[in-house]
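Numbered by full-length UniProt numbering, the letters in the sequence shown go through residues 271 to 616 in order.
Beta carbons are placed, not taken as given, at the ideal position from N, Cα and C, and that holds for glycine.
Every value quoted in this text rests on a predicted model; they were computed, and no experiment measured them.
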Amino acid sequence: QDTMRGRLLVDEGIIKMAGIWDHLEKFSNAGRIIIIACGTSWHAGLIGEYLIEEFARIPVEVEYASEFRYRNPIITEKDVVIAISQSGETADTMAALKLAKEKGAFIYGICNVVDSSIARITDAGSYTHAGPEIGVASTKAFTAQLTILSLIAIKLGKHNGTLSNVKFVELITELDAIPKKIEEVLESTHDKVKEISKDFINAQNFLYLGRGYNYPSALEGALKLKEISYIHAEGYPAAEMKHGPIALIDENMPIVIIAPKRGHYDKIVSNVQEIKARKGKIIAVVNKGDVQVSAIADYVIEIPDTSECFSPIVAAIPLQLLSYYIAVYRGANVDQPRNLAKSVTV
Ligand code: F1P
């Protein structure tokens, strides 16, 4: 039945929404794909790298547009450049794109705002259609960007023969189930996250840790907290903890650890034990029914199970809620954070 549903999704053109349908050869023949973006969109780009390399086996580089534009990067006509931008107006991303275009690269855009400046200079692209982002901090655009990147990676993998038909249908079917899981996670984690937030109103610092696909989730969780609650937060790959950040851990350090069971779980368990031994306050995002991490963590937030590659889409929701409620309890304006603009045009 699942296989039938997967086939139907493909036949109905769901995967066509990824917009690369007419450019598969261009992508497949690319020497490499360079993803350029800023802020939250850059974090989506990192997950895009994991997705495209895993499923389509094309080398991917992810660059901050704000760095790329000022250095002298090697770009050739064989490169495909993917620009990700919610607003489609970010000046750094636009400048980096112009540079890549001058060197003859094929430019693909993933934007939310239709007919925005970035959308206009691209050769092709996909709109995320996430609706207007009212607040400055990017939230639903992020999950929509991840969805588009998933579709691109899966479609390319099928085209390149690096993804079997069975796996292709399995992934598409699972992606189709994500909206339901998002509704579920919003409903099931909301009150819990709101409660947890109250204990961290006066926190000075936060660490966010994750592995694999959820390393960029950790970066994004930390960025959301910085942007709207003005608490200093660092996102790190959990495996890097021992190379420095472990020195920061004591009873005053809250640590959000993203620990779904299908993402390097055993390794995460040892990270959690290391944190506990140093008395860090652990807020764990785990799958429903989790035992090992939950037994050690101080706070547990349960999310539905998904393949590791889609878990950042689901994990983003409680992370966004956590930043939101901490900011609200601190009296911050969550929609208009100080010093930030919706699109950074200079
Ligand atoms: C990039 C970005 C956002 C951030 C804030 C400032 O915007 O860094 O990720 O939340 O709004 O701009 P964009 O290029 O994705 O519109």
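| Check | Outcome |
| --- | --- |
| Evaluate I404 with the Cβ neighbour count: other Cβ atoms within 10 Å of its Cβ, from every protein chain shown; 16 or more gives buried, anything less gives exposed. | exposed |
| If you draw a straight line from the alpha carbon of Y500 to that of F470, how long is it in whole angstroms? | 12 Å |
| Given this structure, state the Cα-to-Cα distance separating E490 from H429, to the nearest angstrom. | 31 Å |
| With respect to the beta strand (DSSP E) encompassing Y397, which residues constitute its N-terminal and C-terminal limits? | A394 to Y397 |
| Identify whether P607 lies in helix, strand or coil by the three-state DSSP scheme. | coil |
| Which first and last residues belong to the alpha helix (DSSP H) in which I587 is found? | S581 to Y599 |
| Just reading off the alpha helix (DSSP H) that L369 is part of, what are its end residues? | A361 to E372 |
| Counting C-beta neighbours from all protein chains within 10 Å, is the total for L367 16 or more, i.e. buried, or is it exposed? | buried |
| Say yes only if the C-beta of S613 is nearer than 6 Å to one or more non-hydrogen atoms of ligand 1, and no if none qualify. | yes |
| Taking the C-alpha atoms as reference points, what is the distance between E453 and T346? | 43 Å |
| Taking L610 as the reference, which of W312, L493 and A508 has the closest Cα? | L493 |
| Between G427 and F325, which are expected to be in contact by the criterion C-beta below 8 Å, what is the C-beta distance as a whole number of angstroms? | 3 Å |
| In whole angstroms, what separates the C-alpha of V526 from that of I380? | 29 Å |
| Cutting at 6 Å between CB atoms, please list the residues of its own chain near A353, excluding the five before and the five after it. | I306, T363, L367, G379 and I388 |
| With a threshold of 7 Å between beta-carbons, can E490 be considered close to chain B, or not? | In the structure shown, chain B cannot be found, because there is only a single protein chain. |
| Under 7 Å between the Cβ atoms of R600 and H534? | no |
| Taking 6 Å as the cut-off, is the C-beta of residue 228 nearer than that to any heavy atom in ligand 1? | Nothing can be reported for residue 228, as the shown portion of the chain is limited to 271 through 616. |
| Who does L479 pair with in a DSSP beta bridge? | Y506 and I527 |
| When you measure from the CB of T310 to every non-hydrogen atom of ligand 1, does any distance come out below 6 Å? | yes |
| So is the beta-carbon of A407 under 6 Å away from any non-hydrogen atom of ligand 1? | yes |
| Closest by CA to P582, which one among S298, G318, K551 and F297? | G318 |
| Can you check which of these residues, G309, V584 and I538, is closest to E444 by C-alpha distance? | V584 |
| Within 10 angstroms of the Cβ of T273, are there 16 or more other Cβ atoms? Answer buried if so, exposed if not. | Low confidence applies here, because T273 scores a pLDDT of 49, under 50, leaving its location unreliable and the question unanswered by this model. |
| Excluding five sequence neighbours on each side, which residues of the same chain lie with their C-beta closer than 6 Å to the C-beta of V351? | I304, A370, A375 and I377 |
| Look at I498 and V604 and say whether their C-beta atoms are less than 7 Å apart. | yes |
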